[in-house]
Amino acid sequence: MFALGKVRAGVIKTQIHFDGIYKILILSFFIPQLLAAQADSLHRPFVFIEKITIEGNKKTKAGTILRELEFSTGDSISSLELPATLERNRLRLMNLGIFSEASISVTSWGGEGNVTLLVHVAEGWYIFPVPILSLSDRNFNVWWNEFNRSFKRVNYGLDWSQLNLTGRADALKAKAQFGYTNQYELAYRSPGLNRSRTLGLEARLSYSRAHELSYKTTANKLEFLKIRETWQLEQIVASVTLISRPKLFKSQSFTLEYRDNFVADTIAKVLNPDYFLNANTRQRHFSAVYSFSIDYRDIRPYPLKGWRAIVEIRKNGLLPSDDLQIFRAFAEWDQYISFNKWLSLELVGKARTSLPRRKPPQSNNQALGYGGNLVRGYDYYVVDGLDFGLLRTSWHLRVFEGQFNLGRIVPIKAYRKMPIKVYLAFNNDLGWANDPHYIATNPLSNRLLYGYGPGLDLVLYYDKSIRCEWTWNDLGEGGFFLRVNTGL
Numbered sequence: 080m081f082a083l084g085k086v087r088a089g090v091i092k093t094q095i096h097f098d099g100i101y102k103i104l105i106l107s108f109f110i111p112q113l114l115a116a117q118a119d120s121l122h123r124p125f126v127f128i129e130k131i132t133i134e135g136n137k138k139t140k141a142g143t144i145l146r147e148l149e150f151s152t153g154d155s156i157s158s159l160e161l162p163a164t165l166e167r168n169r170l171r172l173m174n175l176g177i178f179s180e181a182s183i184s185v186t187s188w189g190g191e192g193n194v195t196l197l198v199h200v201a202e203g204w205y206i207f208p209v210p211i212l213s214l215s216d217r218n219f220n221v222w223w224n225e226f227n228r229s230f231k232r233v234n235y236g237l238d239w240s241q242l243n244l245t246g247r248a249d250a251l252k253a254k255a256q257f258g259y260t261n262q263y264e265l266a267y268r269s270p271g272l273n274r275s276r277t278l279g280l281e282a283r284l285s286y287s288r289a290h291e292l293s294y295k296t297t298a299n300k301l302e303f304l305k306i307r308e309t310w311q312l313e314q315i316v317a318s319v320t321l322i323s324r325p326k327l328f329k330s331q332s333f334t335l336e337y338r339d340n341f342v343a344d345t346i347a348k349v350l351n352p353d354y355f356l357n358a359n360t361r362q363r364h365f366s367a368v369y370s371f372s373i374d375y376r377d378i379r380p381y382p383l384k385g386w387r388a389i390v391e392i393r394k395n396g397l398l399p400s401d402d403l404q405i406f407r408a409f410a411e412w413d414q415y416i417s418f419n420k421w422l423s424l425e426l427v428g429k430a431r432t433s434l435p436r437r438k439p440p441q442s443n444n445q446a447l448g449y450g451g452n453l454v455r456g457y458d459y460y461v462v463d464g465l466d467f468g469l470l471r472t473s474w475h476l477r478v479f480e481g482q483f484n485l486g487r488i489v490p491i492k493a494y495r496k497m498p499i500k501v502y503l504a505f506n507n508d509l510g511w512a513n514d515p516h517y518i519a520t521n522p523l524s525n526r527l528l529y530g531y532g533p534g535l536d537l538v539l540y541y542d543k544s545i546r547c548e549w550t551w552n553d554l555g556e557g558g559f560f561l562r563v564n565t566g567l
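Here the working numbering is used: the first residue of the sequence shown is 80, the next is one more, and so on.
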């Protein structure tokens, strides 16, 4: 550094820094040219990606990130669609579930429309030794109201997950669960077996057992038997799934599965001989499942725009000696329509059919009320059947969006800043299940079911949601229902 007019003995010191003047002159010369290049590029119909740089990926492989992008080096993008394209691909990186933040920006503009893109990611916490404190019942509302919030029906243990195990967005999970239901599980998922990351593999092995079992459906309510001295149900499941994803938005999978189920004599021979049919206490079978999906949703944990289609074909019983022989076809279409930044519409349609039409084991006759196949307002009921149809609609109005800095209250730095969005929702559901064999004791089968009501949805971080819903059904029943999705 050079200095002129420096008076050692005086009080006043005057310095002129030539490096600072030099920087100012250089910037004053190049900034107009950079702005002119950017303006020239924006007026061109297309920009050309000259280079893509990545930063922030301490563990994640660069190929894992580049694979999720719709574009690559040498591609061209419409100048008018550039901001939307970068935002759409930012969401695709977040959908991997391994980043707490992601951004894609233009760092330089060339005179010929060439651009350099910077992909910045903040890796989340990959080790999740999560204590298990879960309910054994179908949903929170059933546990809260029908079983009087009994902690005897709570499961506890440890669910250990190692996400992004090798830096390729793969995951290793191990579970040890005790309490109401015992379950031990080991699973591994890798989305990139080959160099082009178009093939993935998932393997799972689990063993579970329970002292209490829902052995029958009467008046569309599950009946339970609990004997502490004996296990009412034991189950072994082993499966291997091959996943093909040659295109970004399309994937298909093929699963081979083996199940070995045991049920207590009291259930099979006394309370419900139809549980496995013919008073059998054991059910063993191999299954093959093919699934195809197209997913153009913007934000998978809480979509607001785009669509998804799913087709699944399942054959339970591959060998003549298998105890279960059922063929099932399932289809789902999800449509999300965004009218503006605040208002969107969600449409979800599902349908399933089964063959043959003869009487199935009651344990394999589940339709509505299980998992995500629910008509809101009928949380306390199940509707069994060979076939079902479901249409769910929801209007979403965003009323708040912000970010809270939790500071050192949260020990993990990546989660100290918590984005939050709040939506008002209005829900309408229609459902129907066809049960030609067990309808005599279940009046909700073979009739149209309807549920409706408002809700308040909170989306925390990116993949965690809390839905507070006030819902009524066509029976005139209503209530408050809470649905929590932690994203794990």
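C-beta atoms are modelled at their ideal positions from N, C-alpha and C, and glycine is treated no differently.
Exclusion of the five residues before and after Phe479 leaves Val501 as the residues of its chain whose Cβ lies within less than 6 Å of its Cβ.
Between Tyr205 and Leu148, the gap from beta carbon to beta carbon reaches 9 Å or more. Straight-line spacing of the CA atoms in Thr143 and Ser269 works out to 11 Å. In this structure Glu264 touches Ser285 by the C-beta definition: roughly 4 Å separates them, less than 8 Å. Taking a contact to require three or more Cβ pairs closer than 8 Å, the stretch 358-366 and the stretch 470-486 do not qualify as touching.
Boundaries of the alpha helix (DSSP H) around Gly142: 141-146. If the five residues before and after Ala141 are omitted, its C-beta is found closer than 7 Å to the C-beta atoms of Ile133, all from its own chain and listed in chain order. In this structure, Ala289 is the residue among Phe406, Ala289, Thr296 with its C-alpha nearest to the C-alpha of Phe341.
The C-alpha of Ile346 lies about 18 Å from the C-alpha of Gln445. In terms of Cβ geometry, Gly468 and Gly428 form a close pair [threshold 9 Å].
At a Cβ-Cβ threshold of 9 Å, Gln331 and Tyr369 count as neighbours. A residue is called buried once 16 or more other Cβ atoms fall within 10 Å of its Cβ, and Ala282, having fewer, is exposed. Listed in chain order, the non-local C-beta contacts of His199 below 6 Å within the same chain comprise Glu134, Gly135, Ser182, local neighbours out to five positions each way being set aside.
Take the alpha-carbon of Pro208 and the one of Trp239: they are about 4 Å apart. In the DSSP assignment, Pro498 forms a beta bridge with Gln482. In the DSSP assignment, no residue is bridged to Leu272. Residues of the same chain with a CB within less than 7 Å of the CB of Leu170, apart from the 5 flanking positions on each side, are Asp377, Ile378 in chain order. Of all alpha-carbon atoms in Phe365, Gln414, Thr432, the one lying nearest the alpha-carbon of Glu391 is that of Thr432. Counted as a single uninterrupted DSSP element, the beta strand (DSSP E) harbouring Leu196 occupies residues 193-202. Non-local C-beta neighbours of Leu434 in its own chain, meaning closer than 7 Å and more than five positions away in sequence, comprise Phe406, ordered along the chain. Taking the CA atoms as reference points, Ser473 sits about 43 Å from Leu398. In this chain, the alpha helix (DSSP H) harbouring Asn168 covers 161-173. About 6 Å separates the beta carbons of Leu447 and Val454, which is inside the 8 Å limit, making them a contact pair. CA-to-CA, the gap between Ala255 and Glu336 works out to about 21 Å.
Annotated as proximal: Ser423 and Leu383, with beta-carbon spacing under 9 Å. The alpha-carbon of Leu350 is positioned some 8 Å away from that of Tyr294.
A straight line joining the alpha-carbon of Arg363 with that of Lys348 spans about 18 Å.
Given a length threshold of 3 residues, each whole run of the beta strand (DSSP E) inside the stretch 419-444 is given here in chain order: 422-434. Taking Val316 as the centre and dropping the five residues before and after it, the same chain places the C-beta of Ser285, Arg338 closer than 6 Å to its C-beta, in chain order. A direct Cα-Cα distance of roughly 26 Å separates Arg167 from Val563. The C-beta distance from Phe127 to Ser158 rounds to 11 Å, too long to fall under 8 Å, and the pair is not in contact.
In the assembly as shown, Val538 is a buried residue. Its beta-carbon has 16 or more other beta-carbons within 10 Å.
In the DSSP assignment, Trp551 falls within the unbroken beta strand (DSSP E) covering 543-552. Here Ala343 carries a coil assignment [DSSP, helix/strand/coil]. Gly450 and Leu280 have their C-alpha atoms some 24 Å from each other. The beta carbons of Asn507 and Ala298 sit no closer together than 9 Å.
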